[in-house]
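The block underneath contains the structure these notes are about, expressed in structure tokens.
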Amino acid sequence: MPKRNDINSILLIGAGPIVIGQACEFDYSGTQACKALKEEGYRIILVNSNPATIMTDPELADATYIEPITPEMVAKIIARERPDALLPTMGGQTALNTAIALAEDGTLAEYGVELIGADREAIDMAEDRMKFRDAMTRIGLATPRSTIAHNRDEAESGLDTVGLPAIIRPSFTLGGTGGGIAYNREEFFQIVERGLDASPVTEVLIEESVIGWKEFEMEVVRDKADNCIIICSIENVDPMGIHTGDSITVAPALTLTDKEYQIMRDASIAVLREIGVETGGSNVQFAVNPADGRLVVIEMNPRVSRSSALASKATGFPIAKVAAKLAVGYTLDELDNDITGVTPASFEPTIDYVVTKIPRFTFEKFPGTDTHLNTAMKSVGEAMAIGRNFQESLQKALRSMETGLTGFDDIVFDGLGEGDDRNVVRAALAEPTFDRLLRVAQAFRHGLTLDDIQSSSHFDPWFLRQIEDLVATEARILAHGLPGDAANFRMLKAKGFSDARLAKLARCSEAEVRRQRNALQVNPVYKRIDTCAAEFEARTPYMYSTYERPARTDSAPDCEAMPSGRDKILILGGGPNRIGQGIEFDYCCCHAAFALADAGYETIMVNCNPETVSTDYDTSDRLYFEPLTTEDVLELIRVEQSKGTLKGVIVQFGGQTPLKLASALEAANIPILGTSPDAIDLAEDRERFQQLLQRVDLRQPDNGIAHNPEEAIAAADRIGYPLVIRPSYVLGGR
């Protein structure tokens, strides 16, 4: 059916300020929705309070209100603008809750505003824990044993039914806010009180513990004609008990049998139909008991979400854009697939690679904070990596984190040497912490068996075998050094080993590893994200690197990069969000790409953050979804320089991340546009900056430079206390 002509203007509510659980993925979805609906000729009215977003650019919507996202303020905007419809599914929990409030207080009815994308009943049924549980019962899907509580007495009664440990989930909240896992009565009532305060309807779900079960997500899109497609299956490497936003995830799901996948697929579609999500995307979460295969539905989001952004970047299918067009009457078969240009949006994406997402935490900013993970989200960003196999994808994701990791770097367990070391390691594995992957690898180095590690960590044995193989490969390099032939060197790179990690293992410099690799002509090729596993040609240059083996021994691996002959400029993005480096840098990168395109240059974006507008396939002319490391950037530059003219690289828009690469790129004779590496160093190096101020006779607070603890103590004794300590080349005062 064609688009609706009975509506002319649409109000779109953004997500507001960046908070844990609701970050720049909603700028991505909101921006896509604005562009898609304006393309159809609708007048777009936008309300959002975050000025660091692309979606609040004046030219994106027809009318933009940078105002608090409250029912009272949005009601005033509705009274002034008189929109025909309200699209609440692009702004996270903030937009949904605001839309529900406007429906309940009569504002929407008073001004004749229609909810599109998801109606009031569907939102309420999905977000209200009791109504959702009853809906699942009606369609024969199991949910964890649970009760609803609105006060302490009801909670105590529920505890008798559910038992301990229990999971507490507040209704209508974001990122698990206010919830948690209770192991005793004292914890239980503390979390219940917190959850009741956090829930806008003063309601919590008290649920039986499914901690240790496997967790899966299905990203589903449905239209008014009841066409339903699965965009992506996502598997959480972490077991249940950790919020999905804090979980390491992979796409597609890797440990499901086809029968299990089909059961989950049918169940997720049944959930959307019962809840009543007639148009747009939704995320359905499942838990599976690895002991007996019991499957239960955990929850659903009747809107685009963090997982929607991940699924969009993982597959190339623009969920938010499609959902916006479905909301105004189109069906999936009427919309084109932008990636191929020849298939309709009703074709389910098929991928022939593995995507890994790892969350980014900033516990170092808050000393003393509990670093254990639970059902309340704590991560502030995430990095995504793509490879032809899980090992390659996983190790690329580790070095994308901007935490100094080169791969499965060695760590030290606290408490070693104070008793039975194996028990110390088992205890460390049982703790859900941000460095759990590294703990697993280190446990293998300590000689624990796969069964030992699985019983403590609850990771699926398949994932553990992959990590065990990587640790065994590292041991061979430690014993024998780097291979001297191309086939074995390529095998190491195909497992995702970075040059920096190989250098540590082989006890040589990264430059020496690169020299040996180049001498053997072991270089990555680039593949395109095409939504169809190469069945059709991709029109959009959205690429990732892989060390794929040649199809024949006498041929080279197939590279799909196909660089153009144009003058080109490369922009380095900011990587995963963290405190001090967030959405504002993505905004800068996007506008740099737009300005350079207007000036006639081909723009090439490099980034590894799936939440951002900069990693949308149509923001730049060419997109490389790659780690922001010297090795990865130099390799893609090598390919781009093979044709056309690379005018240079811009490093000043992505925050601290690209600045740290400037010197290495300059050393490789890559032109740095804008601020020179020497000028960057002059500003970032505290000692050089101090000398600059002295030369130009500008005053500065009394200070001293230290390169070791002894120099620091001497400087402190001279200056006196209190003191401010500022490292060089860090962001946000880290």
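Residue numbers (this note's numbering): 15 to 748. C-beta: ideal position from N, C-alpha, C; glycine also. None of the values given here were measured: they were computed from a predicted structure.
Asked	Found
At the level of alpha carbons, what is the spacing between ASP731 and ALA508?	53 Å
Tell me whether ILE797 is buried or exposed, calling it buried when 16 or more other Cβ atoms sit within 10 Å of its Cβ.	There is simply no residue 797 to check, as the chain begins at 15 and stops at 748 in what is shown.
Does DSSP put THR329 in a helix, a strand or coil?	helix
Are the beta-carbon atoms of LEU224 and MET254 separated by less than 7 Å?	Reading off the sequence, residue 224 comes out as Val, not Leu. Going by C-beta atoms, VAL224 is nearer than 7 Å to MET254.
Helix, strand or coil for CYS246 per DSSP?	strand
Which same chain residues end up closer than 6 Å to ILE739 when comparing Cβ atoms and leaving out the 5 residues on each side of it in sequence?	none
In angstroms with no decimal places, state the Cα-to-Cα distance between ARG713 and LEU696.	17 Å
If you draw a straight line from the alpha carbon of ASP646 to that of TYR556, how long is it in whole angstroms?	16 Å
Would you tell me roughly how many angstroms separate the C-alpha atoms of ILE333 and ALA47, rounded to the nearest one?	10 Å
Looking at the secondary structure, which residues open and close the alpha helix (DSSP H) in which GLU288 lies?	272–289
Rounded to the nearest angstrom, what separates LEU309 and MET104 at their Cα positions?	29 Å
Relative to the C-alpha of TYR735, which candidate in ASP716, PRO741, HIS721 and GLU724 has its C-alpha closest?	ASP716
Is the beta carbon of ARG592 sitting closer than 7 Å to the one on ARG374?	yes
Measure from the C-beta of ARG732 to each C-beta in chain B and report whether the shortest distance is under 7 Å.	No chain B is part of this structure, which consists of one protein chain only.
Kindly list the residues whose CB is nearer than 7 Å to the CB of THR345, restricted to its own chain and excluding five residues on each side of it in sequence; keep chain order.	MET15, ASP237, LYS238, ALA239 and ASN241
Give the straight-line distance between the Cα atoms of ALA337 and ARG450, rounded to the nearest whole angstrom.	36 Å
Could you give the residue range of the alpha helix (DSSP H) that holds TYR540?	Not the alpha helix (DSSP H): TYR540 falls in the beta strand (DSSP E), residues 539–542.
Helix, strand or coil, according to DSSP, for ALA180 in the structure here?	strand
What beta strand (DSSP E) runs, 3 residues minimum, are completely inside the region 581–634?	581–586 and 616–621
Would you call the CB atoms of GLY421 and SER512 closer than 7 Å?	yes
With distance defined between alpha-carbon atoms, name the residue in PHE703, VAL394 and THR383 nearest to PRO741.	PHE703
Span of the alpha helix (DSSP H) holding TYR556?	Here TYR556 belongs to no alpha helix (DSSP H); instead the beta strand (DSSP E) covers 556–560.
Does the region 282–290 touch the region 123–141, meaning 3 or more C-beta pairs lie closer than 8 Å?	yes
May I have the straight-line CA-CA distance separating LYS661 from ALA50, to the nearest angstrom?	33 Å
Rounded to whole angstroms, what's the CA-CA distance from GLU95 to VAL127? Just pull it up for me.	11 Å
Please report the straight-line C-alpha distance between THR447 and GLN705, rounded to a whole angstrom.	43 Å
Report the residue from GLY307, THR417, GLY418 and ALA442 whose alpha carbon sits nearest the alpha carbon of GLY429.	ALA442
Look up ASP148 in the DSSP assignment and say whether it is helix, strand or coil.	helix
What do you reckon, are the CB atoms on SER407 and THR364 nearer than 7 Å?	no
Going straight from the alpha carbon of ALA390 to that of VAL176, what length do you get?	20 Å
Which runs of the alpha helix (DSSP H) spanning at least 4 residues fall entirely within the region 305–362, listed in chain order?	320–329 and 333–341
Once you ignore the five residues that flank LYS228 on each side, which residues in its own chain have a CB closer than 6 Å to its CB?	VAL302 and PRO304
Residue range of the beta strand (DSSP E) that GLN409 falls in?	That residue, GLN409, is in no beta strand (DSSP E); its alpha helix (DSSP H) goes 404–413.
Report buried or exposed for LYS273, applying the criterion of at least 16 other Cβ atoms within 10 angstroms of its Cβ.	exposed
Going by the CB atoms, is the gap between VAL318 and PHE477 shorter than 7 Å?	no
Using beta-carbon positions only, say whether THR659 and ASP635 come within less than 7 Å of one another.	no
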